[in-house]
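Under our numbering, think of the first position of the sequence shown as 6, with each following residue one higher. Note that beta-carbon positions come from the ideal geometry of N, C-alpha and C, so glycine has one too. Here the structure is a predicted model, which means the values were calculated and not measured. Here is the structure we will look at, set down as structure tokens.
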Amino acid sequence: MPHLIAPSLLAADFSNLQSDCEMINNSDADWFHLDVMDGMFVPNISFGMPVIKAINKHATKPLDVHLMIEKPDRYIKDFKAVGANILTVHYEACPHLHRTIQAIKSEEMKAGVALNPHTPIELLEPILEDIDLVCLMSVNPGFGGQSFIEGTYRKIEKLKKIITQKKLSTKIEIDGGVSSKNAKALLKAGADVLVAGSFIFKSTNPTQTIKELKAIQ
Ligand code: DX5
Ligand code: ZN
6 MPHLIAPSLL
16 AADFSNLQSD
26 CEMINNSDAD
36 WFHLDVMDGM
46 FVPNISFGMP
56 VIKAINKHAT
66 KPLDVHLMIE
76 KPDRYIKDFK
86 AVGANILTVH
96 YEACPHLHRT
106 IQAIKSEEMK
116 AGVALNPHTP
126 IELLEPILED
136 IDLVCLMSVN
146 PGFGGQSFIE
156 GTYRKIEKLK
166 KIITQKKLST
176 KIEIDGGVSS
186 KNAKALLKAG
196 ADVLVAGSFI
206 FKSTNPTQTI
216 KELKAIQ
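Next comes the structure, spelled out in structure tokens:
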């Protein structure tokens, strides 16, 4: 399966979202990565349902919604209603993770679980078969444009091994500090989905940057 590219709109021009949506529609990107932050689980506030609804009006590719919020169970139906296709919650924010995952799936969305850089992947082993996507944070969540944490490679390798052993189709997504400098090594370690915000949107030609990330062998 070729790897997927999910540009993070956190780094887009919020005053011109339609044009950035169209850029992604017409590019080699696979998903829209949308970062929801509540100022509680993470120290920053980004955007919520109304903005996702507006993006969904223009987007022709799946919406991969990354919830960096406390008690995400409160809003699962709302995110479905505004167009989320994949809904990712943080392990650290879900005391009843199995129930949360089932609730996401019962809304007919794919269920993702994100792990902060310090959270060991082994914690997911008992419920890995229920998860469609594991998002490994390669920066501390909350902000775009941070430096990639090198320890991520080991986490990818370990997780890939377990997924392969169990013959699962769970995808591994890497989020934070992804660029052409580390993309190839991330894919080699076992990543399936690369999220990139600043590297794409701060480049002079975002369409071309996406194309290059997608073409990595
Ligand atoms: C960080 C977000 C990321 C962020 C990535 O908390 O989850 O998706 O937008 O941005 P870059 O690619 O700039 O590190
Ligand atoms: Zn994200």
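Proximity of residue i and residue j at Cβ, strictly below 8 angstroms
i, j, result
"P122", "N90", "no"
"I109", "I132", "no"
"K212", "S32", "The question names Lys, but residue 212 in the sequence shown is Thr. Result yes, Cβ atoms of T212 and S32 sit closer than 8 angstroms."
"G182", "Q151", "yes"
Strand pairing of residue i, partner residues [DSSP]
i, result
"K115", "I91"
"C140", "A119 and E178"
"A194", "In the DSSP output, where bridge partners are listed per residue, A194 has none listed."
"S13", "H38"
Close Cβ partners of residue i (< 7 angstroms) along its chain, the five nearest in sequence each way excluded
i, result
"K207", "A16"
"A296", "With the chain covering only 6 through 222, there is no way to say anything about residue 296."
"P48", "G147"
Member of the options whose CA lies at the smallest distance from the CA of residue i
i, options, result
"Q23", "F37, K172, I136 and I10", "F37"
"A190", "E27, I161, T212 and D18", "I161"
"G53", "K193, A34 and M42", "M42"
"A119", "H103, E112 and V139", "V139"
"S184", "G149, R159, H95 and L173", "G149"
Own chain partners of residue i with C-beta closer than 8 angstroms, once the 5 adjacent residues on each side are dropped
i, result
"M6", "D197"
"I136", "I106, A116, G117, V118, L129 and T175"
Same chain, Cβ closer than 6 angstroms to residue i, neighbours up to 5 away in sequence not counted
i, result
"E97", "N121"
"D69", "A11, W36, H38 and I91"
"T214", "I205 and S208"
Residue i Cβ short of 7 angstroms to the ligand DX5 heavy atom set
i, result
"P146", "yes"
"D197", "no"
"M73", "yes"
"H123", "no"
Proximity test, residue i beta-carbon vs the ligand ZN heavy atom, cut-off 7 angstroms
i, result
"V200", "yes"
"D43", "no"
"D137", "no"
Any non-hydrogen atom of the ligand SAH closer than 7 angstroms to residue i Cβ
i, result
"S143", "This structure lacks the ligand SAH; its bound ligands are the ligand DX5 and the ligand ZN."
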